[in-house]
Amino acid sequence: MQLQQYRLAISSRKNNSILAFFILSLSLLSIKPLQGQMFVGKETTELAYNSIDKLKEGLLVVRLYTNHNALDTLHAMLARGSANKAGIRHKINQIKEVRDYENRMIIKAMKQEYQFSDIAFIPDYNYEAYLNGERKNICWNESLEETDMDLYTEPSLVLSRAQGANYDWAVILPQGQALDDPFPNFFKMNPTLIQFMKGAFQPKAKEPYEKYQALAAKINEKLSTFYATLH
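The sequence shown runs 22 to 252 under this note's numbering.
Below, the structure written as structure tokens:
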């Protein structure tokens, strides 16, 4: 189906479903994958189509969550001579254990299930340097070690942890803007509110590998299906 036909269909659907669109918009207010603005209307549609079309021959960057801000805060508490040093060290070890497990699982799952485009894995503390042009020694391998892999391709889209209780991962633009309609870019792994209620300094429970595998397969399927409608 041609791009113009999709635009007309989307416009008609919006005009006839104002209430549904309003409810959907409210549900997205609390989701902030990265710092950036939400695009709306025609601009959103153009970005969704163009970005996914470009991604097929481009690069999906998986922005790995490292908890570095929370860990820096906890280490600072130790440096200040906190009376509960044992408790803080235990919490640091807990956070690192769950963080490393999750990152290994998402790398393994994406390598196994995602075939839509090239892919690279970058820890969040290296991501700004990547956007600013750094291309060497910023990627992680399956062992969560920095590699000497050189990235000369600009990212077309980014897979990042979403912030909020409703979704766990989001496909976003490199600068952090979320793609809304027509591409459904938010992905849920855990249907409960446990992760949200625990807060930034509490490690969430380890999810089984099958959930990461299903997440990666879903992302690949949605991108592939959407891309097929463009060609």
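A virtual CB, placed ideally from N, CA and C, is assigned to each residue, including glycine.
These numbers were taken from a predicted model, which means no experiment stands behind them.
Extent of the continuous beta strand (DSSP E) run through residue i
{"i": "residue 142", "result": "139 to 144"}
{"i": "residue 199", "result": "From DSSP, residue 199 is part of no beta strand (DSSP E); its letter is neither H nor E."}
Beta-carbon spacing of residue i, residue j below 8 Å
{"i": "residue 124", "j": "residue 81", "result": "no"}
{"i": "residue 69", "j": "residue 204", "result": "yes"}
{"i": "residue 84", "j": "residue 179", "result": "yes"}
{"i": "residue 131", "j": "residue 143", "result": "no"}
{"i": "residue 120", "j": "residue 88", "result": "yes"}
{"i": "residue 134", "j": "residue 238", "result": "yes"}
{"i": "residue 244", "j": "residue 137", "result": "yes"}
{"i": "residue 227", "j": "residue 210", "result": "no"}
{"i": "residue 79", "j": "residue 174", "result": "yes"}
Proximity to residue i [Cα-Cα], best of the options
{"i": "residue 154", "options": "240, 246, 190, 195", "result": "195"}
{"i": "residue 236", "options": "207, 252, 94", "result": "207"}
{"i": "residue 177", "options": "171, 227, 152, 183", "result": "152"}
{"i": "residue 246", "options": "181, 66, 77", "result": "77"}
Reduced DSSP category for residue i - H, G, I as helix; E, B as strand; rest coil
{"i": "residue 92", "result": "helix"}
{"i": "residue 159", "result": "coil"}
{"i": "residue 183", "result": "coil"}
{"i": "residue 85", "result": "strand"}
{"i": "residue 149", "result": "helix"}
{"i": "residue 78", "result": "coil"}
{"i": "residue 68", "result": "helix"}
{"i": "residue 99", "result": "helix"}
Residue span of the alpha helix (DSSP H) that contains residue i, given as start and end
{"i": "residue 245", "result": "230 to 249"}
{"i": "residue 107", "result": "106 to 134"}
Can at least three beta-carbon pairs, one atom from the stretch 95 to 110 and one from the stretch 151 to 170, be found at a separation below 8 Å?
No, the stretch 95 to 110 does not touch the stretch 151 to 170.
Three CB pairs or more closer than 8 Å across the stretch 137 to 156 and the stretch 109 to 121:
Flag = no, the stretch 137 to 156 and the stretch 109 to 121 do not touch.
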